[in-house]
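Letter by letter, the sequence shown follows residues 26 to 354 of the numbering used here. For every residue, glycine included, the Cβ atom is placed at its ideal position computed from N, Cα and C. Keep in mind that this is a model prediction, so the values were computed, not measured. Here is the structure we will look at, set down as structure tokens.
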Amino acid sequence: MMMCKQAQAIMQIPTGGMDLSAVSRRRPHKEKAVVVIGATGTGKSRLSIDIATRFPAEIINSDKIQVYEGLDIVTNKISEDECRGVPHHLLGIVDPESDFNAGNFVSTALLAMKSIVGRRKLPVIAGGSNSFIEALVDDENYQFRSRYDVRILWVDVAMHVLEQFVSDRVDRMVAAGMVEEVRNIYNPNADYSKGIRRAIGVPEFDPYFRAEYSSSTDHKTRAMLLETAINETKMNTCKLGRRQIEKIHRLIQVKGWEIHRLDATEVFQKKGREADEAWEELVARPASLIVDDFLFGNYRYRDFAVSSEIDDRGIREAEIRAAMATASY
26 MMMCKQAQAI MQIPTGGMDL SAVSRRRPHK EKAVVVIGAT GTGKSRLSID IATRFPAEII
86 NSDKIQVYEG LDIVTNKISE DECRGVPHHL LGIVDPESDF NAGNFVSTAL LAMKSIVGRR
146 KLPVIAGGSN SFIEALVDDE NYQFRSRYDV RILWVDVAMH VLEQFVSDRV DRMVAAGMVE
206 EVRNIYNPNA DYSKGIRRAI GVPEFDPYFR AEYSSSTDHK TRAMLLETAI NETKMNTCKL
266 GRRQIEKIHR LIQVKGWEIH RLDATEVFQK KGREADEAWE ELVARPASLI VDDFLFGNYR
326 YRDFAVSSEI DDRGIREAEI RAAMATASY
């Protein structure tokens, strides 16, 4: 599985027929940024790319495991085709044996954001590591809040529906070569508390690989250990999803963050074209309307003398209000 190429300062991306310079000429003293959060498997990467293909934007990865180089299947890195030409930052750039903590993320992400806004693009920060997001938005030095206004979008899926999807996704990962990928980095003396080996789907296979190296372990036992490793990967991924949701609720209830919730449950209950249509209706379009209002808001309606009934790109104010109301906090 190929991951997206890292963004370079000179890279150009599709603007979708829109120019943020209109905002920059009239913007207040703060720049703007969008954050996409949610549990594992809910479609954060998909939504961030949808946004970046409708607005001139670049994406900053905030997944604490996807920052590492390697294990593209295990870490579910987005493929080059899925990137759709949108530049990505902090994706697969860190040595897999090193540690990359929240402090490293904050300093690196802030540099990436400065570079992105310098090119008149919108930074879209997307990933499931809420500890990284929290460290960035509420950093001790107040660097983020003093420089950026932020709109936070939460892609949510009912847990019982998400757990079935996660289980099926692990099966697809196994079929795509996940076991061989982990085998290639296996080290019986490895520390599973550091670097990329912390990824779910790596330590779970340790007993299986140890059995492979043992001549005294029969085929039936190895098959049982493989099945156990796969099941533990599924269970631990589901546990991760529940923890991620709990953290999002804490950010809302304890820290008072304003977060727009987009319910994608129905999307995951459909397949094929119906699922794509549900995604557009329930997630992509409402999110785009929210971002449009965030970026242009009163500037768009006042400065461009757009009709109160419909603007120059065919987005009705009523739709924006409806999207804002639908995306609960």
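Query raised in the report: Looking only at its own chain, which residues have a Cβ that is under 8 Å from the Cβ of Met-26, when we skip the five neighbours before and after it?
Result: Annotation note: pLDDT 42 at Met-26 (below 50); position unreliable, coordinate value reported separately. Cβ-Cβ distances below 8 Å link Met-26 to Asp-97, Ile-98, Lys-102, Ser-104, Ala-201 in the same chain, with the five nearest sequence neighbours on each side left out; the list follows chain order.
Out of Thr-242, Asp-164, Val-182, Leu-115, state which residue places its alpha-carbon closest to the alpha-carbon of Ile-150. Closest by alpha carbon: Leu-115.
At the level of alpha carbons, what is the spacing between Tyr-294 and Thr-262? In the sequence as presented, Tyr is not what sits at residue 294; that position holds Gln. Between Gln-294 and Thr-262, the C-alpha separation is close to 19 Å.
* Under the three-state reduction of DSSP, which class applies to Gly-322: helix, strand or coil? -> In the three-state reduction of the DSSP assignment, Gly-322 falls in the helix class.
Take every Cβ of the segment 231-248, pair it with every Cβ of the segment 268-281, and state whether three or more of those distances are shorter than 8 Å. The answer is no - the segment 268-281 does not touch the segment 231-248, with fewer than three Cβ pairs under 8 Å.
inquiry  = When you compare the CB positions of Gly-266 and Gly-68, do they come within less than 9 Å of one another, or not?
reply    = The answer is no: Cβ separation not under 9 Å.
Inter-residue Cα distance where the pair is Val-175 and Arg-223: Going from the Cα of Val-175 to the Cα of Arg-223 covers about 30 Å.
DSSP three-state label for Ser-333, please. Note on Ser-333: pLDDT 30, under 50, position unreliable in the model; the coordinate value appears next. Note: Ser-333 maps to coil in three-state DSSP.
| How many angstroms separate the CA atom of Met-138 from the CA atom of Pro-148? | Approximately 6 Å, taken between the alpha carbons.
Worksheet item: When the Cβ atoms of the segment 190-200 are set against those of the segment 247-263, are three or more pairs found closer than 8 Å?
Response: Counting Cβ pairs under 8 Å, three or more are found: they touch.
- Inter-residue spacing [alpha-carbon to alpha-carbon] between Ala-309 and Leu-187: Distance between the alpha carbons of Ala-309 and Leu-187: 18 Å.
Let me confirm a value: Ile-335 is counted as buried when at least 16 other C-beta atoms fall within 10 Å, else exposed. Which label applies? Since pLDDT at Ile-335 reaches only 31, below the 50 mark, its modelled position is unreliable, and the value read off the structure follows with that caveat. So Ile-335 counts as exposed.
query: Would you call the CB atoms of Asp-196 and Gly-63 closer than 9 Å?
result: Between Asp-196 and Gly-63, the C-beta spacing is not below 9 Å.
Are the C-beta of Asn-155 and some C-beta of chain B separated by less than 9 Å? The displayed structure is made up of one protein chain only, and chain B is not part of it.
- request: Mind reading off the beta-carbon distance from Tyr-217 to Pro-232? Whole number of angstroms is fine, and I expect it under 8 Å.
  value: Incorrect: roughly 12 Å between the Cβ atoms, too far for contact.
(message) Taking contact to mean 3 or more Cβ pairs, one atom from each stretch, closer than 8 Å, check whether the segment 107-123 and the segment 80-98 are in contact.
(response) Result yes; three or more Cβ-Cβ pairs closer than 8 Å.
- Item | Closest residue to Ile-141 among Lys-55, Leu-161, Leu-307, Pro-81 (Cα-Cα distance) | Here the closest residue by C-alpha is Pro-81.
Helix, strand or coil for Arg-144? Go by DSSP, reduced to three states.
When secondary structure is reduced to three states using DSSP, Arg-144 falls in the coil class, being assigned neither helix nor strand.
Tell me, which residues are paired with Asn-86 by DSSP? Checking the DSSP bridge columns, you'll see Asn-86 partnered with Ala-151.
What is the residue span of the beta strand (DSSP E) that Glu-56 lies within?
For Glu-56, the uninterrupted beta strand (DSSP E) run begins and ends at 56-63, by DSSP.
| task | Helix, strand or coil for Ile-273, going by three-state DSSP, please let me know. | result | Under the three-state reduction of DSSP output, Ile-273 falls in the helix class.
**Item:** Trp-179: first and last residue of the uninterrupted beta strand (DSSP E) it sits in
**Value:** Where Trp-179 is concerned, the enclosing beta strand (DSSP E) stretches over 173-181.
Quiz item: Apart from the five residues on each side of it in sequence, which residues of its chain come closer than 7 Å, Cβ to Cβ, to Ile-76?
Solution: Val-59, Ala-82, Val-149, Ala-312, Ser-313, Val-316.
Over the uninterrupted alpha helix (DSSP H) stretch that includes Leu-187, give me the two end residues.
Taken as a continuous stretch (DSSP letters only), the alpha helix (DSSP H) holding Leu-187 covers 184-200.
* Drop a sphere of 10 angstroms on the beta-carbon of Gln-91, count the other beta-carbons inside from all chains shown, and report buried for 16 or more, exposed for fewer. => By the neighbour-count criterion, in which 16 or more other beta carbons inside 10 Å mark a residue as buried, Gln-91 falls on the buried side.
9 Å Cβ cutoff met for Glu-283 and Ile-158: With respect to the 9 Å criterion, Glu-283 and Ile-158 are not classified as neighbours on the basis of their beta carbons.
Contact defined as beta carbons within less than 8 Å: I believe Asn-86 pairs with Gly-152. What is the distance between those atoms, to the nearest angstrom? Yes, Asn-86 and Gly-152 are in contact; Cβ-Cβ is about 5 Å, under 8 Å.
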